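Below: one structure, written as structure tokens.
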Amino acid sequence: MTCTFDLGHYAEILEAAKTGGYRFARFEKSPERGDLFLRHDVDLSLDAALTMAELEAEHDARATYLLMTESVFYNLASSEGVEAIARLRELGHWVGLHAVYPNAALDDRFDPVVAWHNPSAEYMSEAIPAAVNVYAEPWFSQATYRSDSNQHWRAGCPHEELRAGGFPFLQMLVHPEIWVYPGATMGSTMRAMLAAERERRLVQLADDGIDLA
Ligand SMILES: [Zn+2]
Ligand SMILES: [Zn+2]
């Protein structure tokens, strides 16, 4: 098994977790042995989130998708955004807020769970009124946390430890964009995402009656 950042290996990680006896848990009660909190901060692409969500559903996996209301890359209030939330819920996933500090205002689109975008240490783990802060105890500790930020697992890809049942519980942060789009480096993956985005925008322009001749 090679730990590449693609959907093939992502599916292997999901299966490894099932083999290790983990169950997909939501951020609503304290972690118990065997809980896997699969978390997706959606920074860049709703399309990537939906692709990952479909794959997870095929593998009977449930995740928490944290979506931004203040993204410069996508508009959650657009028809696309509304449809994305509906599809995520239809597939059985949970939807929380990927918030830009200090705005953690939740509305009825969201389950009461918040992850700060690019948090700094001073406020990262502070309690948030009426919501779970995924970076606060009891959900968060270094030993029970793995993140794929910038295509780099700081403590290694978790698939082996998951398969062996090595974590008492785990919060795993996976950014859909870096698995869905091809590329051996973060730079090439981002360029692949932008190429797909360009095609998507051209279709949108045509749909909007823009003459592209
Ligand atoms: Zn791996
Ligand atoms: Zn983020």
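Residue numbering for the sequence shown follows this note's numbering, starting at 155 and increasing by one per position.
From the three backbone atoms N, C-alpha and C, an ideal C-beta is built for every residue, glycine too.
Please read these numbers as outputs of a predicted model, since none were measured by experiment.
Exercise. Taking the C-alpha atoms as reference points, what is the distance between L230 and P336?
Worked result: Taking the first residue of the sequence shown as 1, we reach residue 230 at position 76. Taking the first residue of the sequence shown as 1, we reach residue 336 at position 182. So the two alpha carbons sit approximately 25 Å from each other.
For this session: Please report the residue range of the alpha helix (DSSP H) in which Y299 lies.
Result: Indexing the sequence shown from 1 puts residue 299 at position 145. No alpha helix (DSSP H) contains Y299, which is instead part of the beta strand (DSSP E) from Y299 to S301.
Problem set entry | Residue environment, D362, which counts as buried when at least 16 other CB atoms sit within 10 Å | Your numbering for residue 362 matches position 208 in the sequence shown. When all chains shown are included, D362 counts as exposed.
Problem set entry | Three-state secondary structure assigned by DSSP to Y380 | Nothing about residue 380 can be read from this structure; the chain reaches only from 155 to 367.
Problem set entry | For H252, the residue or residues it bridges with in DSSP | What you label residue 252 is simply residue 98 of the sequence shown in a count that begins at 1. Partner(s): A269.
For this session: Using alpha carbons as the reference points, say which of D195, R354 and M326 lies closest to V249.
Result: The residue you call residue 249 lines up with position 95 of the sequence shown. With distances taken between Cα atoms, V249 lies closest to D195.
Exercise. Which residue or residues does DSSP assign as beta-bridge partners of L190?
Worked result: Walking along the sequence shown from the start, residue 190 turns up at place 36. Its beta-bridge partners are F178 and L324.
Problem set entry | For E314, the first and last residue of its enclosing alpha helix (DSSP H) | Stepping through the sequence shown from its first residue, residue 314 is reached at position 160. Unbroken alpha helix (DSSP H) run through E314: H313 to R317.
Exercise. Looking only at its own chain, which residues have a Cβ that is under 8 Å from the Cβ of E208, when we skip the five neighbours before and after it?
Worked result: Numbered from its first residue, the sequence shown carries residue 208 at position 54. Here the set comprises L245.
For this session: Quick one: grab the DSSP three-state call for V196.
Result: Residue 196 sits at position 42 when you count from the first residue of the sequence shown. Reduced to three states, the DSSP call for V196 is strand.
Problem set entry | Residues surrounding ligand 2 [beta-carbon distance to nearest heavy atom under 5 Å] | D195, D197 and H271
For this session: Can you tell me which of I167, V267, M340 and A238 puts its alpha carbon nearest to the alpha carbon of L251?
Result: Residue numbering aside, residue 251 sits at position 97 when the sequence shown is read from its first letter. Minimum Cα distance to L251 is reached at V267.
Exercise. Grouping DSSP H, G and I as helix and E and B as strand, with all else coil, what is N287?
Worked result: Taking the first residue of the sequence shown as position 1, residue 287 is located at position 133. Strand at N287.
Exercise. Candidates C157, R352 and Y255: which alpha carbon is nearest S274's?
Worked result: Here residue 274 refers to the residue found at position 120 when the sequence shown is read from its first residue. Nearest of C157, R352 and Y255 to S274, Cα basis: Y255.
Problem set entry | beta-carbon H252 near ligand 1 non-hydrogen atom, thresh 7 Å | Counted from its first residue, the sequence shown places residue 252 at position 98. Every heavy atom of ligand 1 is 7 Å or more from the Cβ of H252, so no.
Problem set entry | I364, DSSP secondary structure in three states | Within the sequence shown, numbered from 1, the residue matching residue 364 stands at position 210. It is coil, neither helix nor strand.
Problem set entry | Rounded C-alpha distance that separates G175 from A238 | Locating residue 175 in the sequence shown gives position 21, counting from the first residue. Locating residue 238 in the sequence shown gives position 84, counting from the first residue. Each residue's Cα considered, the two are about 30 Å apart.
Exercise. Using 8 Å as the Cβ pair cut-off and three pairs as the minimum, do the region 158-172 and the region 212-221 touch?
Worked result: yes
For this session: Specify whether the region 345-355 and the region 312-319 touch according to this definition: at least 3 beta carbon pairs, one from each stretch, less than 8 Å apart.
Result: no
For this session: Examine ligand 1 and report whether any of its heavy atoms sits within less than 7 Å of the Cβ of M155.
Result: Here residue 155 refers to the residue found at position 1 when the sequence shown is read from its first residue. Under cutoff, so the answer is yes.
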